[in-house]
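What follows is a single structure, written as structure tokens, with notes after it.
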Amino acid sequence: MSNVAVNQTGAQSGVNGLVDDWTSDKQTYHVPWGKAMMWIFLVSDTFIFTCFLTGYLNVRMTTTEPWPVQSEIFALSFFGSDPIPLILIAIMTFILITSSGTMAMAVNFGYRRDKIKTFWLMVATAAFGASFVGMQAFEWSKLILDEGVRPWGNPFGAAQFGSVFFMITGFHGLHVSIGVIYLLTVATKVRKGHYDKKGYEIVEIAGLYWHFVDLVWVFIFAFFYLL
Amino acid sequence: MSSEAGQQHPLGIYYKIWVLLFFLSACSYAVDFFNVQGGMRWGLVILFMILKAGFIVAIFMHAVWERMALVFTILGPPTVLLLLIGFMAVEGNYASGTRYQYMGHDPDAVALTPSDLHGEAGGHEEAVEEH
């Protein structure tokens, strides 16, 4: 091939670049080490969440009891209205997408070295994340206290519903909570100017984690709440 | 396209993807809201899910701009999970078949809903009488 695309660093891209990167007897990934490590961590986390969701698939297929109707269990009425199906979950989904957008912009302003905008966008992202966890806490307490759902049984149908629900949404909520702490830590350091010399890759790395949390929710929303 | 300066792209593409993600989420919610059932429900929900996941990974996580060596490291290993999902689906199908055959089950059994249990007006009274 004569017209191989060449990027700014002078290395080839595409398949030729892939071969080059793996055969050059030096560093394979041309990204900051922290970013490569975050990606490796996220790949391993993908395995954990997929194992949970596959376990859910298996127990839901094999139970002989009817599976509870999610859209009615997660319905909520406002000011005495008729219950609106899945409304809280829909709001949580939109909040998480909004936070993903503010995070993507924080990464962008980080590379522009606009510390104030980066800081506030990260704080906004963390605030959306915290409100997500708050709504999840509300949802859990409603299910536990009002409906009597337990990990070992529930009044609606198949007992596995409770175990799957608490395990999967709990583990995801834990990820969101850790993400909020992580984002606030990085945001504070951005504002103090800790990354002026090191560069702002750390904002992108934190962003990768946050987008991953949103990504996992996309699958939970589809498989656990909608299907 | 990734350079030592990191991933820098015009803000416009983030806004477009952001709006698109909102739209796709609204679509998946609409599937439930308008009570689409059966194969259509599965097809639509999974289609919107894959599109959303794809745009998040490609644009927000910058995978589309990364070098192929990193992209294959990210996307390669998780493909074996498809094998796990396939195996567990086959096994689950077999297990549920044997359970139905030897343990029996009530094909007319319906899961209860909160309105059945709390006796709210407009609930599924018929389902309550059956149980």
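Residue numbers (the numbering used here), protein chains in the order written: chain A, 7 to 233; chain B, 131 to 261.
Note that beta-carbon positions come from the ideal geometry of N, C-alpha and C, so glycine has one too.
- It is roughly 10 angstroms from the alpha-carbon of GLN231 (chain B) to the alpha-carbon of ALA225 (chain B).
- The continuous alpha helix (DSSP H) containing THR175 (chain A) extends over residues 166-198.
- For THR209 (chain B), no chain A residue has a Cβ inside 7 angstroms of its Cβ, as the nearest lies near 11 angstroms away.
- When DSSP states are grouped into helix, strand and coil, ARG156 (chain A) belongs to the strand group.
- Per DSSP, the beta-bridge partners of ILE90 (chain A) are A:LEU82.
- Look at ASN223 (chain B) here: in three-state DSSP terms it is helix.
- Taking each of A:GLY86, A:VAL65 and A:PHE138 in turn and checking the Cα distance to THR99 (chain A), the smallest one comes out for A:PHE138.
- In the assembly as shown, ASP152 (chain A) is an exposed residue. Its beta-carbon has fewer than 16 other beta-carbons within 10 Å.
- About 14 angstroms separates the beta carbons of MET179 (chain B) and ALA96 (chain A), which is beyond the 8 angstroms limit, so they are not a contact pair.
- At a C-beta separation below 7 angstroms, VAL175 (chain B) has these neighbours in chain A: ALA228, LEU232 and LEU233.
- For GLU145 (chain A), no Cβ of chain B is located within less than 8 angstroms of the residue's own Cβ.
- Inter-residue distance for TRP45 (chain A) and LEU180 (chain A) is about 19 angstroms (C-alpha atoms, whole angstroms).
- In the three-state reduction of the DSSP assignment, PHE164 (chain B) falls in the coil class.
- Annotated as proximal: HIS178 (chain A) and VAL222 (chain A), with beta-carbon spacing under 8 angstroms.
- Within 8 angstroms of the CB of ILE79 (chain A), the CB atoms of chain B belong to THR243 and PRO244, in sequence order along the chain.
- For SER83 (chain A), the number of other beta carbons within 10 angstroms of its own is below 16, and it is reported as exposed.
- Taken through DSSP and simplified to helix, strand or coil, GLY205 (chain A) comes out as coil.
- Of the residues assessed, HIS217 (chain A) falls on the buried side of the cut-off, its CB having 16 or more other CB atoms within 10 angstroms.
- In this structure, DSSP gives GLY234 (chain B) a state outside helix and strand, which the three-state scheme calls coil.
- Interface annotation, TYR232 (chain B): not in contact with chain A, CB-CB separation never under 8 angstroms.
- At a Cβ-Cβ threshold of 8 angstroms, TYR62 (chain A) and VAL170 (chain A) count as neighbours.
- Any Cβ of chain A closer than 8 angstroms to the Cβ of ALA183 (chain B) would place that residue at the interface, and such an atom is present.
- In the displayed model, VAL194 (chain B) falls within a helix according to three-state DSSP.
- What PHE202 (chain B) touches in chain A, judged by beta-carbon distance under 9 angstroms, is LEU24, going in chain order.
- Within chain B, ARG197 and ALA199 have C-beta atoms less than 7 angstroms from the C-beta of ASP27 (chain A), given in sequence order.
- Within the region 92-123 of chain A, the residues whose Cβ lies closer than 7 angstroms to some Cβ of chain B are LEU92, ALA96, THR99, PHE100, ILE103, SER106, GLY107, ALA110, MET111, ASN114 and TYR117, listed in chain order.
- When C-beta distances to chain B are compared with 8 angstroms, the residues of the region 212-227 of chain A below that value are GLY213, LEU214, HIS217, PHE218, ASP220, LEU221, VAL224, PHE225 and PHE227, in chain order.
- Among the residues of the region 147-165 of chain A, those with a Cβ less than 7 angstroms away from any Cβ of chain B are GLU153, PRO161, PHE162 and GLY163, in the order of the chain.
- In this structure, DSSP gives GLY163 (chain A) a state outside helix and strand, which the three-state scheme calls coil.
- No Cβ-Cβ contact shorter than 8 angstroms links LEU177 (chain B) with VAL166 (chain B).
- Remark: fewer than three beta-carbon pairs, one from each stretch, lie closer than 8 angstroms, so the region 153-166 of chain B and the region 210-227 of chain B are not flagged as touching.
- Here LYS32 (chain A) is exposed. Its C-beta has fewer than 16 other C-beta atoms within 10 Å.
- Contacts with chain B (Cβ-Cβ distance below 8 angstroms) from the region 174-185 of chain A involve no residue at all.
- Judged by DSSP secondary structure, LYS123 (chain A) falls within the alpha helix (DSSP H) whose first and last residues are 121-147.
- When Cβ-Cβ separations below 8 angstroms define contact, ALA188 (chain B) makes no contact with chain A.
- Pairwise C-beta distances place the region 68-77 of chain A out of contact with the region 137-144 of chain B, as fewer than three of them are shorter than 8 angstroms.
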